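Asker: With numbering that gives the first Met the number 0 applied, the sequence shown corresponds to residues 0 to 65, in that order. Glycine included, each C-beta is placed from N, C-alpha and C at the ideal position. From a predicted model like this one, the values you see are computed outputs, not experimental measurements.
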Amino acid sequence: MNRTISAIFLGITLVFGSLNIITFNPTVYYVGIGALKIQLFSLFVLLTFIYAHRRAFKAWINKDGL
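1. Out of curiosity, what's the CA-to-CA distance linking F43 and T3?
2. In chain order, what residues of the same chain have a beta carbon less than 6 Å from the beta carbon of A48, not counting five sequence neighbours either side?
3. Nearest to G16 by alpha carbon, out of S41, I60 and A58?
4. Using the C-alpha atoms, what's the distance from I7 back to H52?
Right, dumping it as structure tokens:
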């Protein structure tokens, strides 16, 4: 049960984290350094989560055959 919940949260975090990073890309040109800081912070949070759950992340990738 815990692995299933962890896999669900991992998938949701990856999707929303990636979307967050992609979404802030165009705004860097218009807003400036503030949006860049938000983008870098989002990337840092996403990478930290992946590092903290690296075993579950590897199992998730191997299970789906990516």
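Answerer: On the basis of the coordinates in this document:
1. Against the sequence shown, residue 43 aligns to sequence position 44. Against the sequence shown, residue 3 aligns to sequence position 4. Whole-angstrom Cα-Cα distance: 25 Å.
2. Here residue 48 refers to the residue found at position 49 when the sequence shown is read from its first residue. A small correction: the amino acid at residue 48 is Phe; Ala does not occupy that position in the sequence shown. So the qualifying residues of the chain are T12.
3. The residue you call residue 16 lines up with position 17 of the sequence shown. Of the candidates S41, I60 and A58, the one whose C-alpha sits nearest the C-alpha of G16 is S41.
4. Numbered from its first residue, the sequence shown carries residue 52 at position 53. Numbered from its first residue, the sequence shown carries residue 7 at position 8. When rounded, the distance between both Cα atoms is 12 Å.
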